[in-house]
Amino acid sequence: MSDVIAGLPSDFFWGVATSAYQIEGAYDEDGRTLSIWDTFSRRPGAVENGETGDVACDHYHRMPSDVAMIARLGVDKYRFSVSWPRIQPCGRGPVNPKGIDFYSRLVDELLDKGVDPWLTLYHWDLPQELEDAGGWPHRDTAYRFAEFAGLVHDALGDRVPTWTTLNEPWCSAMLGYDVGRHAPGRTNFAEAMRATHHLLLAHGLAAQELRTRGVTSLGITLNMGTHSPASDDPRDVDAARRADGLGTRIYLDPLVHGRYPEDVLADIAARGAAIPVHPGDMEIISTPLDVFGVNYYTSHVHKATGDPAVSEVVPQGRPVTAMGWEIVPEGFTSLLVRLHQDYGVPMVITENGAAFDDLDVVDGHVADTDRVEYLKSHIEAVAAAVQAGADVRGYLAWSLMDNFEWGYGYGKRFGIVRVDYETQERTLKQSARWFRDLITRSRA
Ligand code: IFM
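In terms of the numbering used here, the sequence shown opens at residue -4 and continues consecutively.
See the structure below:
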């Protein structure tokens, strides 16, 4: 056990994370309107078994007992997201009092139990009306988001110390508008590039809004891994460069250096698309960050195909999680060291974890030893990065509990707490107990 945390600073913090659509349910209660995920999940074939987030973990109704469970894990922080259509129905106009009240009570419960609230403003649940008006490819959506950020801060800013604007804009832009595997399910690369820029603009505008209101712990969360070439063949090297360009640098270069990378702009232009930059946008997007959130699950090795827009991901023969994602903890170390060297912003691991096949509860226990191993090896990888000089301040496990895993529905379980979706009973898995003990020992 001590090996895992050796090498981490004494003030390193620990937490668990969730997102609104994945756990709340209550999709049509108390004035909430539909989000793009409510619509998309009803599209035949979009989500396995036709599942939706209508009920999910019923967290909306079980919040106090869920917070008590979080507190029992001994974590410092709980990262959650707010549902835009619950707080500001239709994405415009005044706040819905019942919607914001839910989050106000959540924040109070957390503070009462000694857990710091960490609020993410957008984890993929765009109000459907804003999608109907053009969605993220439409510039106005960025301004609507900044307005939303201000409204949320008006209500919760006195009690929430840490604010993340967007979670994984790559998924919103690429999976939502290019690949079509996520809501809203469009398949148009040019729209995805417009969405990418407007998501970054939305982040920058919201960051400015929050800064003027005095927020001092502010950031964005990206999903990343390493991208290596399968061989020295220049075509494979180029395939890895492109994947890193569209996966990492297209976000971090504007955020930190205030410009898009030239090679990425050229790749985009070669595909007949463009980034719609207006004068002043890059200054807004590069509003300084206090904390940069890193979500890590796996890393990739790329081989070129005949199509420069598509690379083949070459399996390396490693063990995989239930998602089919290879387990590559050393990629985590390399990624964090590289991010530190190239961008130099203090980092927090805002998500890391794994889905493994569902295990039954036996005598009150869920023996998820594979998840314990995954978490252990990845926390060790973070410690190795810290030892190599990376500035990483904390680690939040994904996820607090099993939940709606987007296009996979409820079949993929990432929780350290098991959820029985029939009864909504929560059971701490072995991984939750292990994580709790790790936190206790790290304090000692
Ligand atoms: O469940 C998701 C989460 O919503 C965003 N990051 C990746 C997780 C696992 O796929």
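Where a beta carbon is used, it is the ideal one built from N, C-alpha and C, also for glycine. These numbers were taken from a predicted model, which means no experiment stands behind them.
Phe351 to Glu46 span [Cα, whole Å]: 19 Å
Distance between beta carbons of Phe327 and Ile215, contact taken as under 8 Å: That pair is no contact at about 19 Å.
Burial state of Lys72 (16 or more Cβ within 10 Å): The residue is buried, with at least 16 neighbouring Cβ atoms inside 10 Å.
Beta-carbon proximity of Leu125 to Pro164, cut-off 7 Å: no
Endpoints, alpha helix (DSSP H) assigned at Pro80: 79 to 82
Host beta strand (DSSP E) of Thr216 (start-end): Residues 212 to 218.
Glu346 Cβ short of 6 Å to ligand 1 heavy atom set: yes
Proximity winner among Ala439, Thr34, Ile0, relative to Tyr16 (alpha-carbon distances): Out of Ala439, Thr34, Ile0, the CA that lies nearest to the CA of Tyr16 is found in Thr34.
Nearest-angstrom beta carbon gap, Val147 and Val445 [assumed within contact, 8 Å]: Within the shown structure, residues of the chain are numbered from -4 to 439, placing residue 445 beyond reach of any answer.
With 16 other Cβ atoms within 10 Å as the buried cut-off, status of His453: Here the chain has residues from -4 to 439 only, and residue 453 is not among them.
Segment limits, beta strand (DSSP E) that includes Ile344: That run of the beta strand (DSSP E) goes 342 to 347.
Near ligand 1: Ser36 beta-carbon under 6 Å from a heavy atom: no
Beta-carbon proximity list for Arg230, same chain, < 7 Å, skipping 5 on both sides: Ala299
Spatial neighbours of Ala137 in its chain, beta-carbon cut-off 7 Å, leaving aside the 5 residues before and after: His193, Leu196, Ala197, Leu200
Completely contained alpha helix (DSSP H) runs for the region 61 to 123, where each covers 4 or more residues: 79 to 82, 92 to 107
Where Ser(-3) falls: helix, strand or coil (DSSP): For Ser(-3), the pLDDT reaches just 49, beneath the cut-off of 50, and the residue's location in the model is therefore unreliable, leaving the point undetermined.
N- and C-terminal bounds of the alpha helix (DSSP H) containing Leu206: Note on residue identity: the sequence assigns Arg, not Leu, to residue 206. Segment 184 to 207, the alpha helix (DSSP H) holding Arg206.
Residue environment, Pro256, which counts as buried when at least 16 other CB atoms sit within 10 Å: buried
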